[in-house]
Amino acid sequence: MRTEVAIIGAGPAGLLLSHLLGREGIESVIIETRSRECVESRSPGGVLESPTVALLHAAGLDERLRADGEEHCGIYLRWPGGREHIDFLGLAGRTVWVYGQAELTRDLRRAREAAGQRFFYRVSATAVHDAHTEHPYVTFQADDGRAVRVDADVIAGCDGPSGPSRAAAPCAVKQTWERGYPFSWLEIVAEAAPSTDHFIYAWHPDGFALHTTGSASRLYLQVDPGTDMADWPDGRIWDALATRLGHGQDGWELVPGPITSKSVVPIRSRVLAPMRYGRLFLAGDAAHVAPPTGAKGLNLAAADVAALAPALTALLRKNDTRLADAYSDTALTRVWRGTHFSWWMTTMLHVTADPFDAQLQLSQLRWVADSAAGAAGLAENYTGLCFHA
Ligand SMILES: Cc1cc2nc3c(=O)[nH]c(=O)nc-3n(C[C@H](O)[C@H](O)[C@H](O)COP(=O)(O)OP(=O)(O)OC[C@H]3O[C@@H](n4cnc5c(N)ncnc54)[C@H](O)[C@@H]3O)c2cc1C
Numbered sequence: 001m002r003t004e005v006a007i008i009g010a011g012p013a014g015l016l017l018s019h020l021l022g023r024e025g026i027e028s029v030i031i032e033t034r035s036r037e038c039v040e041s042r043s044p045g046g047v048l049e050s051p052t053v054a055l056l057h058a059a060g061l062d063e064r065l066r067a068d069g070e071e072h073c074g075i076y077l078r079w080p081g082g083r084e085h086i087d088f089l090g091l092a093g094r095t096v097w098v099y100g101q102a103e104l105t106r107d108l109r110r111a112r113e114a115a116g117q118r119f120f121y122r123v124s125a126t127a128v129h130d131a132h133t134e135h136p137y138v139t140f141q142a143d144d145g146r147a148v149r150v151d152a153d154v155i156a157g158c159d160g161p162s163g164p165s166r167a168a169a170p171c172a173v174k175q176t177w178e179r180g181y182p183f184s185w186l187e188i189v190a191e192a193a194p195s196t197d198h199f200i201y202a203w204h205p206d207g208f209a210l211h212t213t214g215s216a217s218r219l220y221l222q223v224d225p226g227t228d229m230a231d232w233p234d235g236r237i238w239d240a241l242a243t244r245l246g247h248g249q250d251g252w253e254l255v256p257g258p259i260t261s262k263s264v265v266p267i268r269s270r271v272l273a274p275m276r277y278g279r280l281f282l283a284g285d286a287a288h289v290a291p292p293t294g295a296k297g298l299n300l301a302a303a304d305v306a307a308l309a310p311a312l313t314a315l316l317r318k319n320d321t322r323l324a325d326a327y328s329d330t331a332l333t334r335v336w337r338g339t340h341f342s343w344w345m346t347t348m349l350h351v352t353a354d355p356f357d358a359q360l361q362l363s364q365l366r367w368v369a370d371s372a373a374g375a376a377g378l379a380e381n382y383t384g385l386c387f388h389a
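Residue 336 in the numbering used here is what sits at position 336 of the sequence shown, and the numbering runs on without skipping anything.
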């Protein structure tokens with residue numbers, strides 16, 4: 001089989017890239033290990049920055065987002081004795097939208113199906129070949145057992161942190177920066193109406209807690225890595241959330257409900273450079289992972305493909321290599337900004353074993369709350385800087 005762009009991964013990065021390319025008349029094939037249902041059942045987070053929403057609007061993909069999503073003009077920061085609303089609109093003139101990743105993925109997939117996109121779901125043994133030549137190709141085993149080879153002008157590695165694209169980049173040229181953190185998140189999904197209008201990010205001596213909103217109530221607790229879920233029965237989880245989020249302070253109440261799922265999410269930062277090797281271009285979590293505290297992963301994936309689509313269009317339609325040559329540097333500038341912001345939010349809000357850290361964190365929180373400049377810095381980064389600025 002032949003195509004112009006072989007896209008590995010049907011997550012947000014791969015689907016959005018195929019859509020932006022399709023609008024330029026560029027054909028692609030999407031290759032995905034999981035089933036469609038499985039891809040669309042994953043719904044972490046869902047904070048979409050202002051530039052991501054503008055991109056979705058320009059691509060004609062924001063109808064359901066506008067109808068079913070929530071526009072948020074701020075977040076709450078909370079710590080014992082303190083509560084501050086960071087007013088995004090007043091400080092940065094922008095908002096964010098909360099719309100589940102599963103919903104967005106479904107919208108993207110439906111738009112691609114309507115445009116006649118070729119998909120292969122449930123594949124195995126995906127491998128990248130000859131990326132350093134002008135004739136790269138991808139091989140895999142289709143769900144009916146057939147061995148398939150897709151020849152392409154370009155391969156887009158949108159296959160997340162564990163896919164084969166990252167590994168296909170030659171060791172001699174790639175550089176990886178990583179930061180591990182001594183904690184994880186316990187995520188719960190609950191059948192309870194959200195107890196807040198905006199997300200609450202809470203610092204507490206027992207650990208960080210986050211209350212999000214959206215179609216499902218998702219709440220998070222800082223826990224030790226390797227935490228055994230058996231140690232966290234539902235009652236203990238709600239008690240910890242109530243304590244850390246400040247139940248009872250200023251009349252605020254956390255309303256518990258039945259917990260429908262629990263999982264432990266690892267927290268890490270990773271950036272891989274460059275994001276291009278010959279005819280292989282990486283985008284999204286395949287190239288970088290940020291702690292979810294900054295709500296940046298999907299937004300960085302969107303920014304990557306917003307740069308990659310015009311670069312591939314110029315390369316494939318006009319043989320103009322300038323944007324493709326600049327792609328890695330262009331994307332990485334934004335990736336490092338998002339990586340720093342996510343690290344900053346994470347280190348400000350998660351407690352460590354060192355009491356000195358706790359005092360620095362409280363001082364930082366008070367500064368963000370009391371200083372217009374501090375709050376504006378948070379608001380500007382959280383709501384998203386302009387693409388490729
Ligand atoms: C708790 C939590 C909250 C978050 N909140 C937010 C938020 O509010 N805002 C935000 O911007 N981001 C958030 N994120 C990050 C966001 O979920 C990811 O950054 C996003 O999924 C990245 O999209 P992607 O398409 O690059 O990668 P993925 O979504 O990982 O998609 C990659 C796809 O490639 C497929 N694949 C893997 N290997 C192969 C292979 N061998 N062959 C073919 N296909 C393969 C995978 O099955 C997958 O479907 C959050 C993450 C977590 C964990």
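Where is the CB? At the ideal position from N, CA and C, for every residue including glycine.
Check	Outcome
Using a Cβ-based criterion (distance less than 7 Å to any ligand heavy atom), does V29 qualify as near ligand 1?	no
Apply the 10 Å Cβ neighbour rule to A389 and answer buried if 16 or more other Cβ atoms are within range, or exposed otherwise.	For A389, the predicted model reports a pLDDT of 44, less than 50, meaning its position is unreliable; a value from the coordinates is still stated below. Under this definition A389 is an exposed residue.
With a threshold of 8 Å on Cβ separation, who are the neighbours of V138 within its own chain once the five nearest residues in sequence on each side are excluded?	A6, I8, I31, T126, A127, V128, H129, R149, V150, A152 and I155
For the beta strand (DSSP E) that H57 lies in, which residues bound it at each end?	It is not in any beta strand (DSSP E) - H57 instead sits in the alpha helix (DSSP H) that spans S50 to A58.
Quick test of the definition: if touching needs 3 or more C-beta pairs under 8 Å, does the region 361 to 379 touch the region 300 to 312?	no
Per DSSP, A152 forms a beta bridge with which residues?	T3
Between V173, L16 and L245, which has its C-alpha nearest G82's C-alpha?	L245
Between C171 and ligand 1, is the CB less than 7 Å from at least one heavy atom?	no
Just checking I8 against ligand 1 - is the residue's beta carbon closer than 7 Å to any of the ligand's heavy atoms?	yes
Is P233 helix, strand or coil when you go by DSSP?	coil
With DSSP as the reference, label E187 as helix, strand or coil.	strand
Relative to the C-alpha of A13, which candidate in L282, Q117, W177 and C38 has its C-alpha closest?	L282
Using three-state DSSP, classify G157 as helix, strand or coil.	strand
Under 8 Å: do the region 52 to 69 and the region 97 to 104 share three or more Cβ pairs, one atom per stretch?	yes
What ranges does the beta strand (DSSP E) occupy inside the region 63 to 141, keeping only unbroken runs of at least 3 residues that lie completely in it?	70 to 72, 74 to 79, 82 to 87, 96 to 98, 118 to 120, 124 to 129 and 137 to 141
Quick one: any contact between the region 84 to 101 and the region 35 to 52, if contact means 3 or more CB pairs under 8 Å?	yes
Please return the same chain residues whose Cβ sits closer than 7 Å to the Cβ of L241, not counting the five positions on each side in sequence.	A209, L219, L221 and L254
Cβ-heavy atom distance between N319 and ligand 1 below 7 Å?	no
In angstroms, rounded to a whole number, what distance separates the CA positions of S18 and M275?	18 Å
Taking the straight line between their C-alpha atoms, what separation do you get for S342 and I267?	11 Å
When the Cα of L21 is compared with those of P355, L272, A115 and A286, which residue comes out closest?	A115
What does the alpha-carbon distance come out to for the pair P256 and A192?	6 Å
Relative to ligand 1, is the shortest distance from any of its heavy atoms to the C-beta of A111 smaller than 7 Å?	no
Applying the 10 Å Cβ sphere with the 16-neighbour rule, what's the burial state of S184?	buried
With which residues is K174 paired in a DSSP beta bridge?	Partner(s): none; K174 has no beta bridge.
Under 8 Å Cβ to Cβ from S124, same chain only, skipping five residues before and after it: list those, please.	T33, F140 and Q141
If you draw a straight line from the alpha carbon of G251 to that of S195, how long is it in whole angstroms?	12 Å
Check whether the Cβ of G285 sits closer than 7 Å to any heavy atom of ligand 1, and report yes or no.	Note that residue 285 is Asp in the sequence shown, not Gly. At least one heavy atom of ligand 1 is nearer than 7 Å to the Cβ of D285, so yes.
Flag N299 as yes when its Cβ comes closer than 7 Å to any non-hydrogen atom of ligand 1, and as no otherwise.	yes
Could you tell me the distance, in whole angstroms, from the CA atom of A290 to the CA atom of T347?	13 Å
Anyone know if the C-beta pair for E84 and L77 falls short of 8 Å?	yes
Measure the alpha-carbon distance for L315 versus E4 and round it to whole angstroms.	11 Å
Thinking just about the alpha-carbon of each residue, which of V223, I259, D231 and T330 is nearest to the one in S217?	I259
Here's the rule I'm using: 16 or more other beta-carbon atoms within 10 Å means buried, otherwise exposed. How should T383 be labelled?	buried
Taking 8 Å as the cut-off, decide whether the C-beta atoms of A131 and Y277 are in contact.	yes
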